[in-house]
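If you use my numbering, the first sequence corresponds to residues 140 to 260, in order.
I have placed the structure first, in the form of structure tokens, so that the comments after it can refer back to it.
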Amino acid sequence: MRIGDLARETGVSRRLLRYYEEQGLLRPRRLANGYREYGDTDVAAVRHIRTMLAAGLPTAVIARLLACVHDDGDRMVPSACPGMVSSLQRERRRLAETIDRLQTSQQALDTMLATVLEQRS
DNA sequence: ATTCTTACA
DNA sequence: TGTAAGAA
């Protein structure tokens with residue numbers, strides 16, 4: 140199928156599908172005319188990409204983990220491949236740090252907000 | 001009609 | 001990520 144078909148079947152824009160390819164997430168074959176040719180398995184692949192993106196994983200990590208998951212028909216099933224667990228754990232820690240920074244920012248804003256509201260009253 | 005690449009008010 | 005432009 141070509142990019143338009145995949146876009147329709149996945150709900151992901153053609154622009155984004157090309158971006159996924161740039162990031163090494165999809166490797167469609169090329170037709171003689173230069174058009175991208177996707178396989179049927181790419182439909183599930185895109186769903187997996189969306190799932191991992193939603194989990195906060197960076198595309199570089201997703202590119203590697205994509206080969207470690209298979210499709211159970213409707214959901215992504217992570218299989219224990221080498222590096223899978225450590226990668227996920229490392230990303231979890233990375234997210235925890237991001238959350239900490241955001242909480243610090245929120246605390247700073249709360250302080251400023253409390254101050255300005257106090258002066259107002 | 002579709003897709004491709006490149007570039008950015 | 002969208003959209004526009006110019007080409008195939």
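All C-beta atoms, glycine included, are put in the ideal place defined by N, C-alpha and C.
The model shown is predicted, which means the values in this text are computed figures rather than measured ones.
Find out if the Cβ-Cβ distance for the pair residue i, residue j is shorter than 8 Å.
i             : j           : result
glycine 163   : alanine 202 : yes
leucine 170   : alanine 184 : no
histidine 195 : leucine 234 : Correcting the residue type first, residue 195 is glycine in the shown sequence and not histidine. Yes, they are a contact pair.
Once you ignore the five residues that flank residue i on each side, which residues in its own chain have a CB closer than 8 Å to its CB?
i             : result
serine 226    : Val200, Arg203, Leu204
glutamate 265 : Past the edges of the chain, shown from 140 to 260, lies residue 265, and the structure says nothing about it.
glycine 143   : Arg153
Note the first and the last residue of the continuous alpha helix (DSSP H) segment covering residue i.
i              : result
methionine 223 : 223-259
valine 200     : 198-204
aspartate 144  : 142-149
tyrosine 177   : Neither: tyrosine 177 is in no alpha helix (DSSP H) and is coded neither H nor E.
leucine 164    : Run containing leucine 164: none; DSSP gives neither H nor E here.
Assuming residue i contacts residue j (C-beta within less than 8 Å), just tell me the rounded distance between them.
i             : j              : result
histidine 187 : methionine 215 : 5 Å
aspartate 181 : leucine 145    : 6 Å
proline 217   : valine 208     : 5 Å
What span of residues does the beta strand (DSSP E) with residue i cover, start to end?
i              : result
methionine 215 : 215-217
aspartate 210  : 208-210
Go through its chain and collect everything with a Cβ distance to residue i's Cβ below 7 Å, but skip five positions before and after it.
i             : result
aspartate 179 : none
Who are the Cβ neighbours of residue i in its own chain at under 6 Å, not counting the five residues just before and after it?
i             : result
threonine 190 : Met215
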